[in-house]
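Mind the numbering: the sequence shown is residues 29 to 293 in my numbering, read in order. Worksheet for the structure shown next.
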Amino acid sequence: MKAACWHGANDVRVETVPDPKILNPRDAILKVTSTTICGSDLHLYDGYIPTMQPGDILGHEFMGEVVEIGSEVKQLQKGDRVAVSSMVGCGSCFFCQRDLWSLCDNSNPNAWMQEKVFGFGTSGIYGYSHLFGGYAGGDAEYVRVPFADFGALKLPQDIPDEKLLPITDAFPTGYMGADLCNIQPGDIVAVWGCGPVGQFAMVSAYLLGAERVIGIDRFPYRLQLAKDFAKAETINYEEVDAGEALKEMTGAGWFHTKKEKTFWI
Ligand SMILES: [Zn+2]
Ligand SMILES: [Zn+2]
């Protein structure tokens, strides 16, 4: 199959590599129909994440069609259309049972390395270095999905890929950013960064009850998207002082009122 493989900083190549195989009875193999690049992939591309090895397949945001299942996969069948969580959760450990899949105790065989670097271990992540489990990513024609019953979400057939793909990472990441702000009805929320995750944070802020959302960035096309897609008011911090602009737009000292919350995405 063809896959996007990492070979060093600023060196990603589309190469022909062996097709993935079922390695564990709980695995499934997907034929990838859509995949996308995350801001986090830039850390790999720029060479900042240790434990990448030449030939590693990138990609943690992908969806596709189930083409093969292991003998213990119970919820999925060949032909199912699924999106896969970028974090690999086993579904049965202490953390997974509490919906804290990014802390899964069973999906990262290299958690011991992380304990030395971070002080604690995380789950595995597809295509995100050996520190995060060494899983082949989804920027490929096919990908192996471990713990497939748990990590692959069945999707309806009548919604296009591009509307569903963000559920693999960008939308829940933005939602979590908004959720962490404990937004109350009537709040004014400012979001720094109008990339995809920031835009989903803005939309989520409205979903959680915000009355006004203000997107802050320096790129006009992103600010335009924040207006059109996320229905946000906008500030270009290269044109104005963002703090002063926020005070003006909200009529308040923004660090001192209960009604305003700010967070970085
Ligand atoms: Zn991502
Ligand atoms: Zn787990």
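For every residue, glycine included, the Cβ atom is placed at its ideal position computed from N, Cα and C.
Discussion item. If you measure from each CB to the nearest heavy atom of ligand 1 and keep those under 6 Å, what residues do you get, in chain order?
Written reply: C66, S68, H88, E89, S114, D197
Item to complete: For G36, count neighbouring C-beta atoms within 10 Å of its own C-beta (all shown protein chains included) and say buried if the count is 16 or more, exposed if not.
Response: exposed
Discussion item. Helix, strand or coil for A254? Go by DSSP, reduced to three states.
Written reply: helix
Discussion item. Less than 7 Å between C-beta atoms, sequence neighbours within five positions excluded: which residues of the same chain meet that for D133?
Written reply: Short of 7 Å from the beta carbon of D133, and not among the five residues preceding or following it, lie these beta carbons of its own chain, in chain order: C121, F122, F123.
Item to complete: Output yes if chain B places a C-beta closer than 8 Å to the C-beta of F199; else output no.
Response: Annotation note: the requested chain B is absent from the structure, which comprises a single protein chain.
Worksheet item: So G202 and G226 are in contact, right, with Cβ under 8 Å, and what is the actual spacing, rounded?
Response: 7 Å
Practice prompt. State yes or no: is the C-beta of L193 within less than 8 Å of the C-beta of A111?
Written response: yes
Worksheet item: Does DSSP classify F146 as helix, strand or coil?
Response: coil
Worksheet item: According to DSSP, is K191 helix, strand or coil?
Response: Note: K191 maps to helix in three-state DSSP.
Discussion item. Using the Cβ count rule (16 or more neighbours within 10 Å means buried), how would you classify P188?
Written reply: exposed
Discussion item. Is F123 near ligand 2 - that is, is its Cβ less than 7 Å away from at least one heavy atom of it?
Written reply: Under cutoff, so the answer is yes.
Worksheet item: Around the Cβ of F247, are there at least 16 other Cβ atoms within 10 angstroms (buried) or fewer (exposed)?
Response: exposed
Worksheet item: How should D55 be labelled, buried or exposed, when 16 other C-beta atoms within 10 angstroms of its C-beta is the threshold for buried?
Response: buried
Discussion item. Measuring straight from C-alpha to C-alpha, what distance separates E169 and Y234?
Written reply: 37 Å
Discussion item. Using the Cβ count rule (16 or more neighbours within 10 Å means buried), how would you classify T44?
Written reply: The residue in question, T44, is exposed, as its Cβ has fewer than 16 Cβ neighbours within 10 Å.
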